[in-house]
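Residue numbers (full-length UniProt numbering): 1 to 142.
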Amino acid sequence: MANLDSLDRALLSALRVDGRAPVAELARDLGVTRTTITRRIDALTDAGVILGFTVRVAERADAAIRAISHLAIEGPYVEETIRMLRGLPEVTALHATNGEWDLIAEITVTKLADIDVVLSAIRNSPGVHRSETSILLRSVLM
């Protein structure tokens, strides 16, 4: 199911807004039967388009401090650096990218001082050639 039709896209859009929306409500809003919605959700899940359902937490709910760290990695150390970053519980997301930076890590801590500890661990890792980190002030689109 690599090719998504307009119903698939509309269904995904509705689920992004409310991943817990009842099937009957989705069917009514999209003008199809509940069976169609159920089959589409199952097919999108089986195809790996829908990877799961999650909870979005309000920014202040956990008083977390988040930062994005852009990392330039020396070629032979990329996989080793990825393994190291995966082992840090404060690294909550990790992305490989192209361009000036090789990896982008999202870091989440509860105290500002903890950012320094995490960044020191990252910067002292073999292969991390350069880094630039920005603290996220607020989210404007989730």
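The beta carbon of each residue, even a glycine, is placed where N, CA and C say it ideally should be.
- Assigned with DSSP and collapsed to three states, V140 falls in coil, not helix or strand.
- DSSP, reduced to helix, strand and coil, places T110 outside both helices and strands of the structure shown, so it counts as coil.
- For R86, the enclosing alpha helix (DSSP H) stretches over residues V78 to R86.
- Non-local beta-carbon contacts of H95 in its own chain, meaning distances under 6 Å to residues more than five positions away in sequence, involve I104 in chain order.
- A distance of 8 Å or more separates the beta carbons of H70 and E25.
- Of the residues assessed, I135 falls on the exposed side of the cut-off, its CB having fewer than 16 other CB atoms within 10 angstroms.
- Close CB contacts of L137 within its chain, under the 8 Å cut and outside five residues either way in sequence, are absent.
- Straight through space, the alpha carbons of A72 and T97 are spaced by roughly 10 Å.
- Relative to R66, the option among T108, D46, A93 and A113 whose CA is nearest is T108.
- Rounded to whole angstroms, the Cβ separation of L51 and L30 is 21 Å, and the two are not in contact under 8 Å.
- DSSP places V128 within a strand segment (E or B) once states are collapsed to three.
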